[in-house]
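In order, the protein sequence lines correspond to chains Z and P. Sequential numbering of the first sequence, starting at 30, is according to our numbering. Sequential numbering of the second sequence, starting at 30, is according to our numbering. Okay, so here's the structure we're looking at.
There are 2 protein chains.
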Amino acid sequence: MTVGQNIHSSPIPVLCHSCEARHSGVCGALDPDQLVRFAETTTRHKIEPGGALIGDAEPVYSYSNLLSGVVKLTKTLSDGRQQIVGLQFSPDFLGRPFKLESAINAEAATSVTLCSFPRAAVERMMKESPELEHRLFKQTLNELDDARELMVTLGRKTAPEKVASFLLMIGRNMHSGVDSAERPTCFDLPLTRAEISDFLGLTNETVSRQLTRLRADGVIRIENKRHVTVDSMSRLEQRCGGRVAPL
Amino acid sequence: MTVGQNIHSSPIPVLCHSCEARHSGVCGALDPDQLVRFAETTTRHKIEPGGALIGDAEPVYSYSNLLSGVVKLTKTLSDGRQQIVGLQFSPDFLGRPFKLESAINAEAATSVTLCSFPRAAVERMMKESPELEHRLFKQTLNELDDARELMVTLGRKTAPEKVASFLLMIGRNMHSGVDSAERPTCFDLPLTRAEISDFLGLTNETVSRQLTRLRADGVIRIENKRHVTVDSMSRLEQRCGGRVAPL
DNA sequence: CGGCAGCTTGAGTCAATTCAAGGCCTGTGG
DNA sequence: CCACAGGCCTTGAATTGACTCAAGCTGCCG
Numbered sequence: 030m031t032v033g034q035n036i037h038s039s040p041i042p043v044l045c046h047s048c049e050a051r052h053s054g055v056c057g058a059l060d061p062d063q064l065v066r067f068a069e070t071t072t073r074h075k076i077e078p079g080g081a082l083i084g085d086a087e088p089v090y091s092y093s094n095l096l097s098g099v100v101k102l103t104k105t106l107s108d109g110r111q112q113i114v115g116l117q118f119s120p121d122f123l124g125r126p127f128k129l130e131s132a133i134n135a136e137a138a139t140s141v142t143l144c145s146f147p148r149a150a151v152e153r154m155m156k157e158s159p160e161l162e163h164r165l166f167k168q169t170l171n172e173l174d175d176a177r178e179l180m181v182t183l184g185r186k187t188a189p190e191k192v193a194s195f196l197l198m199i200g201r202n203m204h205s206g207v208d209s210a211e212r213p214t215c216f217d218l219p220l221t222r223a224e225i226s227d228f229l230g231l232t233n234e235t236v237s238r239q240l241t242r243l244r245a246d247g248v249i250r251i252e253n254k255r256h257v258t259v260d261s262m263s264r265l266e267q268r269c270g271g272r273v274a275p276l
Numbered sequence: 030m031t032v033g034q035n036i037h038s039s040p041i042p043v044l045c046h047s048c049e050a051r052h053s054g055v056c057g058a059l060d061p062d063q064l065v066r067f068a069e070t071t072t073r074h075k076i077e078p079g080g081a082l083i084g085d086a087e088p089v090y091s092y093s094n095l096l097s098g099v100v101k102l103t104k105t106l107s108d109g110r111q112q113i114v115g116l117q118f119s120p121d122f123l124g125r126p127f128k129l130e131s132a133i134n135a136e137a138a139t140s141v142t143l144c145s146f147p148r149a150a151v152e153r154m155m156k157e158s159p160e161l162e163h164r165l166f167k168q169t170l171n172e173l174d175d176a177r178e179l180m181v182t183l184g185r186k187t188a189p190e191k192v193a194s195f196l197l198m199i200g201r202n203m204h205s206g207v208d209s210a211e212r213p214t215c216f217d218l219p220l221t222r223a224e225i226s227d228f229l230g231l232t233n234e235t236v237s238r239q240l241t242r243l244r245a246d247g248v249i250r251i252e253n254k255r256h257v258t259v260d261s262m263s264r265l266e267q268r269c270g271g272r273v274a275p276l
């Protein structure tokens, strides 16, 4: 999976031209000149489901933009119990700045494409461009919000509510058009039942039973185990446990 | 503890001189001149346990340095179920930058002292000093690490493991001297049993039972319901569920 | 074709909850 | 000074939601 023809003269690197993350991801923080220098160090990768992104011996993956696919971040206890502590979608930035040891593992949940860069290049660029650091900061704040939302789900919701909340979250992240609360939404689950259970702190059997129940109740339809259609998102929302009431 | 000795042309504000957060907190990012301007807008507050920090109608609390005490961050479902999604200790910075609506409530768990500043002052200072934003970024990354650690606890640990993990975390955050794994550590619990249960996703009865069990097993001693002594931290650690295995 | 991984479903079990009662402090008012 | 009320905490007994164990289904791949 090599790409990197080094392009020194053109205003904007060819690869970046058509890049999904050119404007929306962290690269949007860079001006053309910075982008050119930065792009010299980047490489594209494709990773199949189950492939490790970090935790293995490949330091080039240290930092990446996620261009497509879903990445799961996991933590594991020594007896094998596992918890998914985050899911990342494009155009998220992958990697933990300012720390060599990541205490989490990152793994491709679906087939994934990355634009990767060496740690040093990112950290140099971050010193140079406060705007880049600013974007990373904002993403981190969003991840923290997501993490805390998931904590409520893990600590205080019932199994039916957990599964409904998961579907709602996935539906919102994988939507490919307008999302009206009343228009049908459909998507492919990026995770297996076992992975969903690691996300929600349940067992795969319980996840399966709850999905069956939602299907029986007419809240969702499922084809081929993975493809889900939600006719009414608001009906699904009702099953997520009462919304948080600020104040 | 001399206050008047090293007076520069831009004297450091008197209040900041003896401030616990002068160097360790976010204020450490500011040079004396910046600090002087910044300090003009700050006010100190003392808040008793149970007092709300945000979520109420007092915008002056929007951002603060936590100088002493413990603050709990909570989320609540509409039927009253509550989850503590974070605990903050001095010299943490309180507040969610770049967002007017915080989806979480912050409340004093113990008696708390704050150094507060208006939102606008912080955001102005942040534009001016990338170092300030950098420190906030780093704290946020640490909070994210903590949040993900807690997710494992919430999703995958048993009640005994949860309570042991909580004690370990508190012990490490409230330690007031050297912490050897084998030397006795003691501290006051900053939370009631009910609050601990909201932190761990349990009921107060279960928390109480597990504390009783740890006491009966000689892992901890408890005086006055709140004061805990851990003779051997490593023994407590053994009850936290296997440590995460990176890779 | 067999083997395997992922998924579903059922039956029985158990950890944590709910419900209930009582003890221990602390502050308050007679 | 004591009596009393209200938090907070502990403990017991009964209940239950999710888990474990087990069996069978499906689709895919060699």
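Just so you know, even glycine gets a beta-carbon here, dropped at the ideal spot from N, CA and C.
Identity of the residues DSSP links to residue i by a beta bridge
i: Z:R73; result: Z:C144
i: P:G115; result: P:L102
i: Z:Q94; result: According to the sequence as given, residue 94 of chain Z is Asn; it is not Gln. Answer is Z:F122, Z:C144, bridged to Z:N94.
i: Z:A81; result: Z:E136
9 Å Cβ cutoff, residue i in contact with chain Z
i: P:I76; result: no
i: P:T169; result: yes
i: P:F166; result: yes
i: P:F127; result: yes
i: P:L96; result: no
i: P:Q117; result: no
i: P:L179; result: yes
i: P:Q111; result: yes
i: P:D121; result: no
Option nearest residue i by Cα separation, candidates the options
i: P:T241; options: P:L229, P:G230, P:V257, P:F228; result: P:V257
i: P:S209; options: P:R177, P:E190, P:E266; result: P:E266
i: P:A132; options: P:Q239, P:L116, P:S158, P:T105; result: P:T105
i: P:L143; options: P:A188, P:G271, P:V99; result: P:V99
i: P:V55; options: P:D108, P:L161, P:G271; result: P:L161
i: Z:P126; options: Z:I41, Z:Y92, Z:H52, Z:A50; result: Z:Y92
i: Z:V259; options: Z:E178, Z:N171, Z:Q168, Z:F216; result: Z:F216
i: P:V43; options: P:S53, P:H52, P:V65; result: P:V65
i: Z:G109; options: P:R185, P:L179, P:D175; result: P:R185
i: Z:Q168; options: Z:T103, Z:N94, Z:G271; result: Z:N94
i: Z:M262; options: Z:R250, Z:A223, Z:P213, Z:R177; result: Z:P213
i: Z:K254; options: Z:L231, Z:G271, Z:A223; result: Z:A223
i: Z:I251; options: Z:E211, Z:T72, Z:L218, Z:T232; result: Z:L218
i: Z:I6; options: Z:D175, Z:T235, Z:S237, Z:S47; result: In the structure displayed, chain Z extends from 30 to 276; residue 6 of chain Z sits before or after that span and is not available.
i: P:K101; options: P:R73, P:L220, P:L165; result: P:L220
i: Z:N233; options: Z:Q111, Z:S47, Z:L116; result: Z:Q111
Minimum Cβ-Cβ distance from residue i to chain P less than 9 Å
i: Z:A193; result: no
i: Z:S107; result: yes
i: Z:D10; result: This structure does not reach residue 10 of chain Z, given that chain Z is present from 30 up to 276, and the question cannot be answered.
i: Z:S132; result: Note that residue 132 of chain Z is Ala in the sequence shown, not Ser. True, the Cβ-Cβ gap to chain P drops below 9 Å.
i: Z:A176; result: yes
i: Z:M198; result: no
i: Z:E172; result: yes
i: Z:P189; result: no
i: Z:V114; result: yes
i: Z:E162; result: yes
i: Z:G80; result: no
i: Z:G57; result: no
Contacting residues, own chain, Cβ-Cβ under 6 Å from residue i (five flanking each side not counted)
i: P:N202; result: F118
i: P:I76; result: A137, V141
i: P:H163; result: none
i: P:R51; result: C45
i: Z:G115; result: L102
Same chain, Cβ closer than 7 Å to residue i, neighbours up to 5 away in sequence not counted
i: P:P78; result: A137, A138, T139, S140
i: Z:F195; result: I225, F228, L229
i: P:G271; result: none
i: Z:G200; result: T214, F216, V259, M262
i: Z:L231; result: A188, K191
i: P:T71; result: C144, S145, F146
8 Å Cβ shell around residue i - same chain, five flanking residues per side excluded
i: P:F67; result: C56, L59, F146, A150, M154
i: P:E49; result: L96, S97, S119, P120
i: Z:G80; result: E136, A137, V141
i: P:R268; result: P189, E190, A193, L243, V248
Near the ligand GTP: residue i beta-carbon under 8 Å from a heavy atom
i: Z:K75; result: This structure does not include the ligand GTP; it has no bound ligands of any sort.
Mind listing, in chain order, the continuous alpha helix (DSSP H) runs of no fewer than 4 residues lying wholly within the region 133–203 of chain P? The region 133–203 of chain P is shown to contain whole alpha helix (DSSP H) runs of 4 or more residues at 148–157, 159–185, 188–203, in chain order.
Within the region 213–267 of chain Z, ranges of the alpha helix (DSSP H) (whole runs, at least 4 residues): Here the runs fully enclosed are 222–229, 233–245, 262–266.
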